[in-house]
Amino acid sequence: MVIMMLDHTRDFVHRYVLQGFDPTDLQHTSVKLFFTRWITHFCAPVFVFLAGTGAYLQIARGKSKNSLSRFLFTRGLWLVFLECTAVRISVTFNVDYRFLVGLQVIWAIGVSMIVLALLVQLPVRVVGVFGVAMIALHNLLDRFHVQGWRGPRSPVPSVWVKLYILLHQAFEAFPVLWFFPSPVVFVLYPLVPWIGVMAAGYAFGVLYQLNADRRQRWLIIMGGAATLLFIIMRGINRYGDPSRWSEQSSPAFTFISFLNVTKYPPSLLFLLMTLGPAMLALALFESNKLAATGTDSLWNRIRAFFIAFGRVPLFFYLLQWPTAHFMSVLVHLLAGKPVRWMFGSQIDSNGPPPGMGFNLAVVYACWIVGVLLLYPLCKWFAGVKARRRDWWLSYL
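Residue numbering for the sequence shown is 20 to 415, as defined by our numbering.
Spelled out as structure tokens, the structure:
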């Protein structure tokens with residue numbers, strides 16, 4: 020969760036982003052910038068995958084499938100609503116709903132929960148096979164592309180084109196209705212294969228009914244196999260990602276090219292690259308060797324700091340957007356740079372003026388300050404959730 024805020028702070032503060040450069044574009048990036056972006060790749064897939072695992076654990080604790088279905092359905096709708104309101108306003112700092120929403124990870128989680136509300140009525144193995152199949156096979160669709168909307172002078176796409184964009188074609192915008200002007204949505208997180216990632220995470224929850232030793236062994240086997248499969252398939256350079264790696268001008272950039280897989284939508288190789296090491300990390304956390312003695316040990320203090328955020332993931336996610344945006348406003352003001360453009364409409368905007376943004380050192384400083392600002396709030400709300408059992412707390 021904390022690393023995710025680094026990525027969003029970079030979105031608002033870093034000069035290359037504000038100038039329209041992609042940090043994974045090998046023609047413009049640097050090693051430091053690429054890995055600042057790459058490390059945050061782990062956030063979304065792990066977040067979605069473990070959301071599915073959390074749903075299974077509710078069944079394991081005795082919740083009925085019907086009750087879980089109702090909860091997943093209503094929470095999914097709530098997340099989509101939050102994407103269109105709280106997140107949208109925090110990202111844009113305006114309420115000009117000619118730009119309706121950018122469909123990001125919270126929308127993808129919300130719709131995935133709605134689908135999972137139906138899937139939980141099926142046997143766990145069926146849900147797992149469905150999820151793994153979607154992850155493994157969706158790159159067969161890479162050859163199919165539809166013509167998206169190209170602005171007010173271009174035709175509005177058909178319903179079927181819009182549906183395909185929502186399912187599997189990122190970085191496209193379109194008017195919601197059949198004409199323009201009508202509210203415009205921008206699709207960053209198509210639903211496939213995120214629905215499959217959550218379904219696979221649901222089946223993964225079975226491991227958490229095993230004893231710790233067996234669970235750790237399976238985590239090592241599965242995580243190691245996924246990571247090794249990523250290396251092999253990426254080395255073959257055929258299936259699993261629409262982009263191919265190639266030899267670059269230096270060994271460092273060749274390595275970057277190898278790691279530079281597609282997130283939007285997440286390719287099979289992207290998910291192997293992120294979920295494999297995540298499972299190995301879970302196995303590491305299972306190890307008793309990490310259990311430091313003494314409540315005042317450095318490890319326990321660090322662990323407690325990060326657990327405060329992990330216990331309230333949605334609360335933190337909703338707060339980190341306006342915090343990152345505010346940090347950008349603050350550092351631009353301190354540097355004597357204009358900030359009015361940060362509050363303008365996405366429909367009329369021509370982008371930031373020249374000279375906006377700062378280097379990576381400022382990005383990291385803003386990130387650290389933002390995390391420290393949010394820590395007491397997250398710690399307080401984690402305490403509220405621990406002390407109380409109000410129904411609405413499960414939606415935050």
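Note that the Cβ used here is the ideal one computed from N, Cα and C, for glycine as well.
Here the structure is a predicted model, which is why all the values come from computation and not from measurement.
- First and last residue of the alpha helix (DSSP H) that includes V382? As a first step, residue 382 must be located in the sequence shown, where it is residue number 363. Here the alpha helix (DSSP H) through V382 covers 379–406.
- Beta carbon of L278 nearer than 8 Å to that of G259: Along the sequence shown, read from residue 1 onward, the residue named residue 278 stands at position 259. Along the sequence shown, read from residue 1 onward, the residue named residue 259 stands at position 240. Annotated as distal: L278 and G259, with beta-carbon spacing of 8 Å or more.
- Query: Hey, out of A74, R144, T293, whose CA is closest to M132's CA?
  - Reply: Translated into the one-based positions of the sequence shown, residue 132 becomes position 113. Minimum Cα distance to M132 is reached at A74.
- Task: Could you tell me which residues DSSP pairs with G121 in its beta bridges?
- Result: Within the sequence shown, the letter at position 102 stands for residue 121. Partner(s): F205.
- Query: Would a C-beta distance cut-off of 8 Å place F53 and P42 closer than the cut-off?
  - Reply: As a working mapping, residue 53 is identified with position 34 in the sequence shown. As a working mapping, residue 42 is identified with position 23 in the sequence shown. The answer is yes: Cβ separation under 8 Å.
- Contact under 8 Å by Cβ, V50 with V350: Stepping through the sequence shown from its first residue, residue 50 is reached at position 31. Stepping through the sequence shown from its first residue, residue 350 is reached at position 331. For the pair V50 and V350, the CB atoms are not nearer than the 8 Å cut-off.
- Selection from P332, G170, W126 that minimises the alpha carbon distance to L185: Start at 1 with the first residue of the sequence shown, and residue 185 comes out as number 166. Ranking the options by Cα distance to L185, first place goes to W126.
- Message: Less than 8 Å between the C-beta atoms of M217 and V67, yes or no?
- Response: If you number the sequence shown from 1, residue 217 lands on position 198. If you number the sequence shown from 1, residue 67 lands on position 48. With respect to V67, M217 sits close: the two C-beta atoms are nearer than 8 Å.
- Query: Which residues bound the alpha helix (DSSP H) around P341?
  - Reply: The sequence position of residue 341 within the sequence shown is 322, counting from 1. 332–353 is the span of the alpha helix (DSSP H), which, as asked, contains P341.
- Query: Since P142 and W168 are thought to touch, with beta carbons under 8 Å apart, how far apart are those beta carbons, to the nearest angstrom?
  - Reply: Along the sequence shown, one-based indexing puts residue 142 at 123. Along the sequence shown, one-based indexing puts residue 168 at 149. About 41 Å separates the Cβ atoms of P142 and W168, ruling out a contact at the 8 Å cut-off.
- Is the beta carbon of V206 less than 8 Å from the beta carbon of H157? Position 187 of the sequence shown, counted from the first residue, corresponds to residue 206. Position 138 of the sequence shown, counted from the first residue, corresponds to residue 157. Between V206 and H157, the C-beta gap is not smaller than 8 Å, which leaves the two residues out of contact.
- Residue nearest to L159 in terms of C-alpha spacing, selected from R257, A192, Y383, A302: Mapped onto the sequence shown, residue 159 falls at position 140. Per the Cα distances, R257.
- Query: What are the boundary residues of the beta strand (DSSP E) that P194 is part of?
  - Reply: The residue given as residue 194 occupies position 175 in the sequence shown. Per DSSP, the unbroken beta strand (DSSP E) holding P194 starts and ends at 191–194.
- Item | Range covered by the alpha helix (DSSP H) that runs through K51 | Here residue 51 is taken as the residue at index 32 of the sequence shown, counted from 1. Taken as a continuous stretch (DSSP letters only), the alpha helix (DSSP H) holding K51 covers 50–57.
- Message: Quick check on A323: buried or exposed, where buried means 16 or more other Cβ atoms within 10 Å of its Cβ?
- Response: Position 304 of the sequence shown, counted from the start, is the residue given in the question as residue 323. Per the 10 Å Cβ criterion, exposed.
- Message: For K282 and F190, I'd like the C-alpha separation in whole angstroms.
- Response: Looking up residue 282 in the sequence shown gives position 263. Looking up residue 190 in the sequence shown gives position 171. Rounded to the nearest angstrom, the two C-alpha atoms are 11 Å apart.
- Query: When you compare only the Cα positions, how much space is there between F34 and P332?
  - Reply: For this step, residue 34 is matched to residue 15 along the sequence shown. For this step, residue 332 is matched to residue 313 along the sequence shown. A quick correction: the sequence has Arg, not Phe, at residue 34. So the two alpha carbons sit approximately 28 Å from each other.
- Give me the Cβ distance between L135 and L91, rounded to the nearest whole Å; I'm assuming they're in contact under 8 Å. Taking the first residue of the sequence shown as position 1, residue 135 is located at position 116. Taking the first residue of the sequence shown as position 1, residue 91 is located at position 72. Between the beta-carbon of L135 and that of L91 there is about 5 Å, and that keeps the pair under the 8 Å contact cut.
- Output the distance between the C-alpha atoms of V165 and G295, rounded to the nearest integer angstrom. Counted from its first residue, the sequence shown places residue 165 at position 146. Counted from its first residue, the sequence shown places residue 295 at position 276. Those two C-alpha atoms are separated by around 32 Å.
- Message: Which residue wins for smallest C-alpha separation from P261, given the options W340, F163, G95?
- Response: Start at 1 with the first residue of the sequence shown, and residue 261 comes out as number 242. Distance check between P261 and each of W340, F163, G95 places F163 closest, using alpha-carbon atoms only.
- Exposed or buried, Y418, counting other C-beta atoms within 10 Å across all chains shown (16 or more means buried)? With the chain covering 20 to 415 only, the question about residue 418 has no answer from this structure.
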